[in-house]
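Okay, structure first, notes after.
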DNA sequence: TGATTTGTTGCAATCGATTGCGATTGTCGT
DNA sequence: ACGACAATCGCAATCGATTGCAACAAATCA
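Residue numbers (our numbering), protein chains in the order written: chain U, 1 to 339; chain Y, 1001 to 1339.
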């Protein structure tokens, strides 16, 4: 069967043109299904191409047409170098992005980059092989992104929105989200709160800020922040050590992510501390796994699917030349069992 | 600063050559840091390129050199069309693959494809923009992959290994894994077992087969299989319905994946059934979340990180022309709390 | 001094598809 | 029967970088 379908390898459009008895240009137009060439020859050429399993070289086409059909997805790991792409939040967002992009016929190129200089993003957008770029997370690279955004339009960033910024972002109002979580814990009667998260990136820092602001309505409550990395092996140790230090001193924990919350709950369970009765715990993100665990996680939802849709829509508009603006989504408290 | 760094836009190597007073060829060699050009001119040209923020067009380079530095990662969704890329197992494996590939300087292009004809894989490998391809899961497309593997060498597949196949696979011995899970349940004293999973793909089917074979050592035990899809919304309903039908009739469940197990445990919990006391549950995969849930999941581990490493290594060897063979990894029972 | 080697650089072909423009053939109207 | 016009198709330039080969100068050797 293989022999029947591929009588001789056709390597390029010119060879196909030769055995079809036409010129290369005609073949190109025929394969693009342009009405400029006669319907019969067009179909004959297409059939011939199918027989020989020939497909035009994408590199050449892209070089010539100056467009690639490829969207770059970039994950900068500035302040958290040990974090891997396999982090569930990245993966979830990335999964939705991939769904959106492939459904609209785009290809997708992933780069994880550990910023070694200020040029990492320039290298990516200037490489000449992208129609646009999506950056997931600002890390501590806000300024670099800002600089590139000045002259490169088809760029959309997942992250925080600062007043007057040039870069186009899609993201949730992190301060509002932090406030939601803290208020939920206060409403349950918790008074001695802890915050688990890494505040080196702007997003988590804003969540802490929001939580702190919520505390101002409850003068007798306290909130202390404990650095907690996301790299998952280390995270568990850090949390265990926090819990050790805090034994009996707290009754509520605002976690900066669902993963941190999940690990925290398990470690509390191991110490024989009941959730939410003795210590209430909130997450952040509302990953799919938040509903699958026991107890189900009370968390601040950012609608990742909607966010992905917004990013792709915005990017598409910017590629088309429009001047699409940032999107700030409102977080929502999802009240389940853990707080 | 922007104006200082980019006095005039340099669009290609020829323009750079002109303002450097040399030929395009020299610039090309200088930028590639070849010792063929004088060290001084080389550094002068590199400095000039840096000043102007110039980077050679990748499309042109790739067209000329016939190599792209891009590895395609393909996810065929043959029997499970509604499943999204955001499935945790895919994402986890993909994450590790991304880590491995980016660390070795490769770019990575993701395609999710719903096989509409027999040509989907041909389209991808013949597109001329890949150095090699990784296929995640065979779905029901074994034959298509087999055909392409006959003439396209740099192709590595995650999935099952059949006697005499041509395609190069990396995967776990699924039958052995299924047997491990079943034997664990039997060893706990369970006798009336159920299997939750979708046996349309070869991998899950083999897990069921292995479990059935393990049963032969326990004549008084039974195992019934219940179709359970992976698309997560539907999965929960199916499982709920199974549990309804099976109420009180079973004491052990072999789940085809950790996600199925996680959902099953939560639903059992909702029905007031204790895990593992009344019904023991095993998972499959050992995703990171298996340790984070309560109760921690007893599961059959496939070392996804090692698998990713093996896939990338094998692919690299095949790109280099070697004749690397398949890898069959041995699964391992990770005994935690759920069984 | 003449021949040969070494070190640098330029020239031009090449990768493979796309596309503007001109050439050819055939059709229609008058 | 002749010019206008449409439908097809071929020619050749183009996208931008790479690289074998030749050209040239300087340096070394006989």
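Heads up, the beta-carbon is just placed ideally off N, CA and C, and yes, glycines get one too.
This one's a predicted model, so the numbers in the text were calculated from it and none came from an experiment.
Beta-carbon proximity list for residue i, same chain, < 7 Å, skipping 5 on both sides
{"i": "residue 1235 (chain Y)", "result": "1228, 1229, 1260 and 1263"}
{"i": "residue 334 (chain U)", "result": "286, 298, 299 and 301"}
{"i": "residue 68 (chain U)", "result": "62, 129, 130 and 131"}
{"i": "residue 180 (chain U)", "result": "300, 331 and 333"}
{"i": "residue 281 (chain U)", "result": "253, 255, 261, 264, 265, 275, 338 and 339"}
Neighbour flag for residue i against chain Y, beta carbons, 8 Å
{"i": "residue 338 (chain U)", "result": "no"}
{"i": "residue 282 (chain U)", "result": "no"}
{"i": "residue 53 (chain U)", "result": "yes"}
{"i": "residue 242 (chain U)", "result": "no"}
{"i": "residue 269 (chain U)", "result": "yes"}
{"i": "residue 122 (chain U)", "result": "yes"}
{"i": "residue 60 (chain U)", "result": "yes"}
{"i": "residue 164 (chain U)", "result": "no"}
{"i": "residue 266 (chain U)", "result": "yes"}
{"i": "residue 262 (chain U)", "result": "yes"}
{"i": "residue 17 (chain U)", "result": "no"}
{"i": "residue 91 (chain U)", "result": "yes"}
{"i": "residue 30 (chain U)", "result": "no"}
{"i": "residue 38 (chain U)", "result": "no"}
{"i": "residue 57 (chain U)", "result": "yes"}
{"i": "residue 102 (chain U)", "result": "yes"}
Buried/exposed call for residue i, threshold 16 Cβ in 10 Å
{"i": "residue 1219 (chain Y)", "result": "exposed"}
{"i": "residue 1166 (chain Y)", "result": "exposed"}
{"i": "residue 174 (chain U)", "result": "buried"}
{"i": "residue 1033 (chain Y)", "result": "exposed"}
{"i": "residue 1222 (chain Y)", "result": "exposed"}
{"i": "residue 1081 (chain Y)", "result": "In this prediction, residue 1081 (chain Y) has a pLDDT of 48, which is less than 50 and means its spatial position is unreliable; what the coordinates show is noted afterwards. Answer is exposed; the Cβ neighbour count stays below 16."}
{"i": "residue 270 (chain U)", "result": "exposed"}
{"i": "residue 1017 (chain Y)", "result": "buried"}
{"i": "residue 1126 (chain Y)", "result": "buried"}
{"i": "residue 1023 (chain Y)", "result": "exposed"}
{"i": "residue 1123 (chain Y)", "result": "exposed"}
Cβ of residue i within 8 Å of any chain U Cβ
{"i": "residue 1011 (chain Y)", "result": "no"}
{"i": "residue 1235 (chain Y)", "result": "no"}
{"i": "residue 1321 (chain Y)", "result": "no"}
{"i": "residue 1063 (chain Y)", "result": "yes"}
{"i": "residue 1197 (chain Y)", "result": "no"}
{"i": "residue 1095 (chain Y)", "result": "yes"}
{"i": "residue 1228 (chain Y)", "result": "no"}
{"i": "residue 1047 (chain Y)", "result": "no"}
{"i": "residue 1098 (chain Y)", "result": "yes"}
{"i": "residue 1222 (chain Y)", "result": "no"}
{"i": "residue 1082 (chain Y)", "result": "Caution is warranted here: a pLDDT of 48 is assigned to residue 1082 (chain Y), below 50, making its placement in the model unreliable, and no coordinate value can be reported."}
{"i": "residue 1200 (chain Y)", "result": "no"}
For residue j and residue i, believed in contact at Cβ under 8 Å, the rounded distance
{"i": "residue 1064 (chain Y)", "j": "residue 266 (chain U)", "result": "With 8 Å as the limit, residue 1064 (chain Y) and residue 266 (chain U) do not qualify as a contact, their Cβ atoms being about 54 Å apart."}
{"i": "residue 1182 (chain Y)", "j": "residue 1215 (chain Y)", "result": "6 Å"}
{"i": "residue 1098 (chain Y)", "j": "residue 112 (chain U)", "result": "6 Å"}
{"i": "residue 1268 (chain Y)", "j": "residue 109 (chain U)", "result": "Not a contact, Cβ separation roughly 42 Å."}
{"i": "residue 1054 (chain Y)", "j": "residue 1114 (chain Y)", "result": "In fact, because the Cβ distance is near 41 Å, the residues do not count as touching under 8 Å."}
{"i": "residue 206 (chain U)", "j": "residue 160 (chain U)", "result": "6 Å"}
{"i": "residue 128 (chain U)", "j": "residue 1058 (chain Y)", "result": "5 Å"}
{"i": "residue 1076 (chain Y)", "j": "residue 1142 (chain Y)", "result": "With 8 Å as the limit, residue 1076 (chain Y) and residue 1142 (chain Y) do not qualify as a contact, their Cβ atoms being about 10 Å apart."}
{"i": "residue 340 (chain U)", "j": "residue 137 (chain U)", "result": "Residue 340 (chain U) is absent from the model: chain U starts at 1 and stops at 339."}
Cutoff 6 Å; reference residue i; Cβ partners in own chain excluding five residues on either side
{"i": "residue 314 (chain U)", "result": "156 and 324"}
{"i": "residue 45 (chain U)", "result": "20, 27 and 30"}
{"i": "residue 1332 (chain Y)", "result": "1301"}
{"i": "residue 1172 (chain Y)", "result": "1302, 1329 and 1331"}
{"i": "residue 197 (chain U)", "result": "204, 228 and 256"}
Close-in-space but distant-in-sequence residues of the same chain around residue i (CB under 8 Å, 5 per side omitted)
{"i": "residue 28 (chain U)", "result": "13 and 56"}
{"i": "residue 1296 (chain Y)", "result": "1290, 1336, 1337 and 1338"}
{"i": "residue 1104 (chain Y)", "result": "1312 and 1316"}
{"i": "residue 361 (chain U)", "result": "Nothing about residue 361 (chain U) can be reported from this structure: the residues present for chain U run from 1 to 339 only."}
{"i": "residue 1320 (chain Y)", "result": "none"}
{"i": "residue 1240 (chain Y)", "result": "1267"}
Residues in the stretch 107 to 120 of chain U having any Cβ partner in chain Y nearer than 9 Å: 107, 108, 109, 110, 111, 112, 113 and 119: these are the residues of the stretch 107 to 120 of chain U whose beta carbon lies less than 9 Å from some beta carbon of chain Y, given in chain order.
Please identify, using Cβ separations under 7 Å, the residues of the stretch 289 to 307 of chain U that lie next to chain Y, in order along the chain. 289, 292, 293 and 294
Give, in chain order, every residue of the stretch 1124 to 1143 of chain Y whose Cβ lies closer than 7 Å to some Cβ of chain U. 1126, 1127, 1128 and 1129
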